Amino acid sequence: MTAPRPRDPPTVHSMRLLLPTALALLLLLPLGSTRAHAHPWQQGSVRVSAGLGFGVIDGERTTIVGLGGGYNVVDGLELGLDVDAWFGGPYRITRLTPGAEYVLWFVPVIHPYIGTFYRRWFITDQDNLSSVGLRGGAYLGANGPILIALGIVHESFLGGCRLGCSDWYPEARFVIRF
């Protein structure tokens, strides 16, 4: 006989990138200031992103590895797909996240962004979950291909969730655009 599966998501707290990595990469921003594109979010530009960090699931620490990509369909508007995997905790989790993000690319130096996403959670030995979310923040960089995004995310789980159905958390992303 198997144990009943809980309807609530595991208690999850995550941080996308470690602060020292983000600060080290921030020093590289001026190196990429010569580009073929007028700005990193020009129509037709491509994003490649990577994440390495940690999370806590039900009190146990996990390692998170993520990759993503996106394409700017018009200036400032990206459609993207990201995937990440969580290792080392009580569950093995893979998350698939399609989303859209708009960047105010015409604002000098610090470029505000707002976005939305749908996320599918594939969890070993648990029911899979779905969530939706909003994100906002700013990209830091000198219009070069290497950027750091700092912001905040609000994520809400869909379905029969009873407790812990939404969460606010910070995000830090390292992004390469070409």
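Numbering (our numbering), first residue to last: -10 to 167.
Glycine included, C-beta positions come from ideal geometry on N, C-alpha and C.
These figures come from a predicted structure and were not determined experimentally.
Looking only at DSSP bridge pairs, what is P163 linked to?
-> Reading the sequence as shown, one finds Phe at residue 163 and not Pro. A39, I137, per the DSSP bridge assignment.
With a cut-off of 8 Å, do at least 3 Cβ pairs link the region 94 to 101 to the region 118 to 135?
-> Taking a cut-off of 8 Å for Cβ pairs, the region 94 to 101 and the region 118 to 135 touch, as three or more such pairs fall below it.
Which partner residues of H100 appear in the DSSP bridge assignment?
-> Answer is Y128.
How many whole angstroms separate the CB atoms of F146 and L118, which I take to be in contact at a CB cut-off of 8 Å?
-> Contact between F146 and L118 holds, since their C-beta atoms are separated by about 6 Å, short of 8 Å.
Reduced DSSP category for S119 - H, G, I as helix; E, B as strand; rest coil = Looking at S119 - three-state DSSP - the assignment turns out to be strand.
Reduced DSSP category for F157 - H, G, I as helix; E, B as strand; rest coil | Reading off the sequence, residue 157 comes out as Trp, not Phe. Here W157 sits in strand by DSSP.
How big is the Cα-Cα spacing for G55 and V98?
-> G55 and V98 have their alpha carbons spaced roughly 27 Å apart.
Which residues bound the beta strand (DSSP E) around W75?
-> Where W75 is concerned, the enclosing beta strand (DSSP E) stretches over 66 to 76.
Run of the beta strand (DSSP E) containing P87, from where it starts to where it stops | Here the beta strand (DSSP E) through P87 covers 82 to 92.
DSSP beta-bridge partners for W30?
-> None, per the DSSP bridge assignment.
Identify, in the order they occur along the chain, each residue of the same chain with its Cβ nearer than 8 Å to the Cβ of P159, setting aside the five sequence neighbours on each side.
-> Cβ neighbours of P159 within its own chain (closer than 8 Å, five residues either side excluded): M4, L139, G140, I141, V142.
Among V37, T113, V164, R108, the one whose alpha carbon lies nearest that of G148 | Of V37, T113, V164, R108, the residue nearest in Cα terms is R108.
Within 10 angstroms of the Cβ of L136, are there 16 or more other Cβ atoms? Answer buried if so, exposed if not.
-> Looking at its Cβ environment, which holds 16 or more other Cβ atoms inside 10 Å, L136 is buried.
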